[in-house]
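Be aware that the sequence shown starts at 1004, since it is given in the working numbering, and climbs by one per residue.
Ideal Cβ placement from N, Cα and C applies to all residues, glycine included.
To keep things clear, I will list the structure first and then write my remarks on it.
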Amino acid sequence: MKRYKYLIKGQVQGVGFRPFVYKSALDFKLAGFVKNDINGVEIEAEGEQKDIELFEESLRLKLPPLARIDEIQKTEIEPLLKKGFAIIQSSDDSKTSYKSALIPPDTATCQECLADIKDEKNRKYHNYFATNCTNCGPRYSIVKTVPYDRKNTSMQKFKMCNSCEEEYNNPLNRRYHAQPISCNNCGPSLSLFRGDKKVDIAQKEIIQKVASLIEEGNILAIKGIGGFHIVCDASNDEAIKKLREFKHRPTKPFAIMCKDLKQIKALAYVNEKEEQLLTCKEAPIVILKKLTCNHISSLLAPNIDRIGCFLPYTALHHLLFVHVQNPIVATSANLGDEPIIISAENIFKKLPFVDFTLDFDREIINGVDDSLVQVIDDKTQILRLARGYAPKVIKLPFKSEKKILAVGANQ
Ligand SMILES: [Zn+2]
Ligand SMILES: [Zn+2]
């Protein structure tokens, strides 16, 4: 019998890493435990040497989609000769030590969650705007501190219903330890405001109402993952003209969100690489070459042959596009070059031209803009590294003696 202790650094919290370790340990009949700690994940694994080697191989080769290992420290320790493998609670005892655990970026809604929200028989998630799982949903934008556990996020105030708790505690469930887990019965809810006055409307009617407000030519603020978007119908010249006047932005292009890839391809050229970027889990805005078409207003990106397009990346966006037929302008809600607005109160205060605001009560802790990318000579160029990509760790190709802080200009 051998027992090893592993300290693992990288993107290993909030990405289904512990249940993955748990399942692998069961597969190879190992005893021990796995837990999050302030610097990453700690594992102790005990078993036959050959099984331990297979376990290590699975750590390297079969990681969950959002996980990434940057460093493994391994030490041999005394076997305890006990049976069973457990996932144990995070330790807070090293509060004073250096907090270097990585927080994963926010990730676009996955296909399985999309299927859940469309499934009429699924009472928990059908039409639920905040559906997420271990493989998708908000992360960085809702985190207050590490380790990445629900109590350290803005989901802390929502008490899980029994069914969510069951999913959360079952290592074999897709939502095992998905910290923002919530459903129609227990999670955040939507509110609609006209100006700063709350509209009296039933929860299940809000999204359809918002869709018709967009189609009627209103300007809306809609809460997303890392901030609010200013939204209007991208084919409505009047609405866009109004928005340009209010934002004092006479010609700067507005990005548009489209229902699906087909809708984007009707208004821009999309090559293979651009298609991959549009549909990847980071879901950035991709700058594309415009086609001559009349589906969208010529005022969106006047005088240039490019247009920034992106796809829905939250369950709320997907539900909105069940009712909205045209592409929508979805530009960051901010004043001039100020950071993106993350609360409805600041929309009311700073952007009084907004006709309606769609808000929900899961607080955004860290504002994060949409990322912006383009493909040049078949290479991806990231113009704004934000939602989906940030926080990002870059390993230097050399060792630095000094601590360096380097910051660049916006874009
Ligand atoms: Zn998911
Ligand atoms: Zn629930």
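With a 10 Å radius around its C-beta and 16 neighbouring C-beta atoms as the bar for buried, classify residue i as buried or exposed.
i     : result
C1296 : exposed
L1399 : exposed
V1357 : buried
S1157 : buried
M1004 : exposed
I1014 : In the sequence as presented, Ile is not what sits at residue 1014; that position holds Gln. That one is buried.
V1396 : exposed
Y1151 : buried
T1282 : exposed
S1335 : buried
K1262 : buried
K1406 : exposed
F1023 : buried
Y1007 : buried
G1017 : buried
S1097 : Because S1097 sits at a pLDDT of 47, beneath the cut-off of 50, its placement in the model cannot be relied upon, and the following sentence gives the value as read from the coordinates. Exposed: under 16 other Cβ atoms inside 10 Å.
P1355 : exposed
Which one or two residues does DSSP pair with residue i in a beta bridge?
i     : result
I1233 : A1224, T1334
T1134 : Paired residue(s): none; T1134 is not in a bridge.
D1358 : In DSSP, D1358 forms no bridge with anything.
R1071 : Q1014
C1312 : I1259, V1289
G1043 : D1040
F1201 : Note on identity: in this sequence residue 1201 is Lys, with Phe being the wrong assignment. DSSP lists F1196 as partners of K1201.
Q1076 : L1010
F1088 : G1035
V1396 : In the DSSP output, where bridge partners are listed per residue, V1396 has none listed.
Return yes when the Cβ of residue j is within less than 8 Å of the Cβ of residue i, no when it is not.
i     : j     : result
S1192 : Q1206 : yes
G1220 : G1370 : no
L1338 : K1353 : yes
G1391 : P1108 : yes
I1367 : A1237 : no
K1292 : Y1272 : yes
T1247 : P1256 : One point to set straight first is that residue 1247 is Arg, not Thr, in the sequence displayed. Going by C-beta atoms, R1247 is not nearer than 8 Å to P1256.
C1116 : N1130 : no
L1010 : F1031 : no
I1288 : A1258 : yes
G1227 : N1138 : no
D1372 : L1302 : no
A1111 : G1190 : no
T1360 : A1224 : yes
Y1171 : R1177 : no
Should residue i be listed as close to ligand 4, given that the test is whether its C-beta is under 7 Å from any heavy atom?
i     : result
N1125 : Annotation note on ligand 4: not contained in the displayed structure, which lists ligand 1 and ligand 2 as its ligands.
At least 3 beta-carbon pairs within less than 8 Å: the segment 1310-1330 vs the segment 1214-1228 = As far as the Cβ criterion goes, the segment 1310-1330 touches the segment 1214-1228, which means the pair count is three or higher.
Can you find at least 3 beta carbon pairs, one from the segment 1049-1061 and one from the segment 1120-1130, that sit closer than 8 Å?
-> Contact between the segment 1049-1061 and the segment 1120-1130 is absent, because fewer than three Cβ pairs lie under 8 Å.
Closer than 7 Å is what we want: which residues have a beta carbon that near any heavy atom of ligand 2? List them in chain order.
-> Per the Cβ criterion, the list is K1127, M1163, C1164, S1166, C1167, S1185, C1186, N1188, C1189, G1190.
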